[in-house]
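In what follows, a single structure is set out as structure tokens and then discussed.
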Amino acid sequence: CFKSPLTNVWGESRCGGDWGPELKFAGYDFLILEGKAEKPVYLWICDENVEIRSAEHLAGKTIPETETTVKKEVGDYECKVVSIGPAAEKLVKFACIMSDYDRAAGRCGGGTVMASKNVKAIAVRGHGEIPVARPEEFLEAVEDAERAALEHPDRAWFMEGTVSFMEFIDNTGDLPTRYALTNHWGKSKKVYEELKEKFITAYSACFGCPLGCGIHTEAKMGKWGAPMCGGPEYETAAGFTAASLCEDVEALLRANYLCNIYGMDTISCSQVIAFAIECRERGWISDELLDGVDLRWGNAEAVVEMVEKIARREGLGDILAEGVRRAAKIIGKGAEELALHVKGLEMPYHDPRVAKTGALQYGTANRGMCHVHPHETYDVVHTPSFAETLVPYGLPKPPIDGYMEKGMGRITALVQDAGMTTEILGLCKFLVWAGLSLKRRAAILSAAVGWDVSDVELLKIAERVTNLQRCFNVREGVRRKDDMIPKRLREMPAYGPFSKKEAAIMDYEGMLDEYYDVRGWDRETGIPKREKLEELGLKDVADQLGV
Ligand code: SF4
154 CFKSPLTNVW GESRCGGDWG PELKFAGYDF LILEGKAEKP VYLWICDENV
204 EIRSAEHLAG KTIPETETTV KKEVGDYECK VVSIGPAAEK LVKFACIMSD
254 YDRAAGRCGG GTVMASKNVK AIAVRGHGEI PVARPEEFLE AVEDAERAAL
304 EHPDRAWFME GTVSFMEFID NTGDLPTRYA LTNHWGKSKK VYEELKEKFI
354 TAYSACFGCP LGCGIHTEAK MGKWGAPMCG GPEYETAAGF TAASLCEDVE
404 ALLRANYLCN IYGMDTISCS QVIAFAIECR ERGWISDELL DGVDLRWGNA
454 EAVVEMVEKI ARREGLGDIL AEGVRRAAKI IGKGAEELAL HVKGLEMPYH
504 DPRVAKTGAL QYGTANRGMC HVHPHETYDV VHTPSFAETL VPYGLPKPPI
554 DGYMEKGMGR ITALVQDAGM TTEILGLCKF LVWAGLSLKR RAAILSAAVG
604 WDVSDVELLK IAERVTNLQR CFNVREGVRR KDDMIPKRLR EMPAYGPFSK
654 KEAAIMDYEG MLDEYYDVRG WDRETGIPKR EKLEELGLKD VADQLGV
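Letter 16 of the sequence shown, counting from 1, is numbered 169 in the numbering used here, and no numbers are missing.
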């Protein structure tokens, strides 16, 4: 976690892969990077030995070049590496930290922060064991969770990669299309079938995962060519197709590959490009700035070109590399109203107009407009089996009407806190859809650290974390106005089967009032009240904020 250079508020980002477990095997729970190295460096951590090595020769290298070189130099091809690419070095505001070549801690510009500290990579190798407080109980709890995942009916779906969800998402009106002018594209089936038939070459899993949602693709021939690499996962696929109305699967693979090697968040990158297409269509971007790029809906070639230009900060790419909020300010005219972001973070690929809990999630998530931090709240509408797991904690019995507004404040806060528990425990959220109930999460934590934490207590801890992050944001100036979602998403989708009047968000402010009341936050300012902070053991934070 970090203060985001993209949003200037709470930033955090996670990724799968093997680096995290390796750090733990080396004997560390986390690393804190303070200050800034005078010249580019990388860290080599092998158990208790920590070296800071020069990385001047790695300047400008892509992620695969960096990772391979570092492994060779430390003389251990089994070590795990996180690194940043050329986009971070150019201080693109949504640059990622990449792990295991193509796993991205994508959102909020963590790579940009690493670059600002002159840290190009961190290689880790651990040979130790991980002690747990109650080993037998721990093993039992983990085996129970693993069994639940292995037997879960949705497991097969995950194993096809999240991109296989795209057709379902499209058909439920959850796919923001043409820069979210509407929420149904109708071409996802074709895109996925072509991807699966021609380009998916392998499936993979992160360390110890029973689901294994990773896919690898390769486009050997054709116009673009994309060497074998990880993804695209759903968000990337939606971003480089439906958002800009491009149907060219090979261009999608190329854009995914470029983001992987340059180290850029595919959500923010594809969003700023779709935004630029609409700005150009409205005549807000000059031909001079476009520098020959024919940026228009459906032109995959221009989309791929813009990915390159953003990574290199060339022409319009230099403006878009600042993220949509700053880019809109620079472009001016009506661009600021058009820009889809909350707190400066670009919109992901789920549409809040068919599941209005998603609107509150986008508005109030501490890292900005995020679907998954701390949780995909809209899934209580789209996935009744997931909603069922939260009924014991106060969620209404499914099905939940996605167009409903009253009651969404309570639902959103509960699902966010439940999701926050996975963030606290460092677990992949997908396991939550595959049987990793709150009770199972509490059992694993209790056995691992030797506490006796119940599911309800775990929820309370999560609420505390949510409030602490909110207080960080309050300190940085976040107030109620910053929890507003963009105008376009409060209006009825412009066309398509979900263009219904009930899809318009009639009373977002009322939903926000209800959410604040449930949270114990002041309606006028959005600041957590002293009583709430004291209830959560955060009196010192209340004192610091002066509330
Ligand atoms: S489900 Fe989560 S942990 Fe498993 S492979 Fe996918 S991202 Fe990694």
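In this text, a Cβ means the ideal position worked out from N, Cα and C, and glycines have one as well.
- In this structure, Val568 sits near Asp532, with a CB-CB distance shorter than 9 Å.
- For Glu282, the closest of Cys382, Val203, Ser341, Ala179 by C-alpha to C-alpha distance is Ala179.
- Our two residues, Arg206 and Lys246, have alpha carbons roughly 26 Å apart in a direct line.
- The residue from Leu411, Leu348, Pro329, Tyr387 with its alpha-carbon nearest to that of Ser397 is Pro329.
- DSSP places Trp172 outside any beta strand (DSSP E); the residue lies instead in the alpha helix (DSSP H), whose first and last residues are 172-178.
- Phe318 has its Cβ no nearer than 8 Å to any heavy atom of the ligand SF4.
- Not one heavy atom of the ligand SF4 is found less than 8 Å from the C-beta of Phe539.
- Counting C-beta atoms within 10 angstroms of its own C-beta, Asn519 has 16 or more neighbours from the protein chains shown and is therefore classed as buried.
- Counting only the Cα atoms, Gly511 lies some 14 Å from Glu662.
- Given a length threshold of 4 residues, each whole run of the alpha helix (DSSP H) inside the region 191-244 is given here in chain order: 216-227, 239-242.
- At the C-beta level, Ala656 and Gly326 come within 9 Å of one another.
- Rounded to whole angstroms, the gap between the alpha carbons of Thr542 and Lys582 is 14 Å.
- Look at Arg256 here: in three-state DSSP terms it is strand.
- Per DSSP, the beta bridge partners of Ala372 are Ala379.
- It is roughly 16 Å from the alpha-carbon of Ala571 to the alpha-carbon of Cys523.
- In the DSSP assignment, Ala427 falls within the alpha helix (DSSP H) that extends over 419-434.
- The alpha-carbon separation between Val585 and Val544 amounts to approximately 14 Å.
- Contact check for Cys232 and Met312: beta-carbon distance about 28 Å, past the 8 Å limit, so the pair fails to qualify.
- Taking Glu458 as the centre and dropping the five residues before and after it, the same chain places the C-beta of Val446 closer than 7 Å to its C-beta, in chain order.
- According to the DSSP assignment, Tyr515 belongs to the alpha helix (DSSP H) that extends over 510-517.
- The secondary-structure analysis by DSSP pairs Leu498 across a beta bridge with Val495.
- The beta-bridge partner set that DSSP reports for Met251 consists of Ser236, Ala257.
- Set against 8 Å, the gap from the CB of Ala358 to the closest heavy atom of the ligand SF4 is smaller.
- Counting along the chain, Val277 sits inside the beta strand (DSSP E) bounded by residues 272-278.
- Taking 8 Å as the cut-off, the C-beta of Gly169 counts as close to a heavy atom of the ligand SF4.
- In chain order, Ala480, Ile483 place their CB closer than 6 Å to the CB of Ile472, counting only its own chain and leaving out the 5 sequence neighbours on each side.
- Beta-bridge annotation (DSSP): Gly164 is paired with Phe155.
- With a 10 Å radius around the Cβ and a threshold of 16 neighbouring Cβ atoms, Trp197 comes out buried.
- Secondary structure at Pro681: strand, using DSSP grouped into helix, strand and coil.
- Residue range 591-602 is occupied by the alpha helix (DSSP H) that includes Ala600.
- Within the model, the alpha-carbon separation for Ser157 versus Glu165 is close to 8 Å.
- Setting aside the 5 residues that flank it on each side, Asp660 is surrounded in the same chain by Glu558, each with a C-beta closer than 7 Å to its C-beta; the list follows chain order.
- The beta carbon of Glu667 is closer than 8 Å to those of Lys559, Gly560, Met561, Gly562, Arg563 in its chain, skipping five residues each way along the sequence.
- Here the region 616-634 lies against the region 672-680, with 3 or more beta-carbon pairs under 8 Å apart.
- DSSP, read as helix, strand or coil, puts Thr354 in strand.
- Of all C-beta pairs linking the region 171-188 to the region 269-278, three or more are shorter than 8 Å, placing the two stretches in contact.
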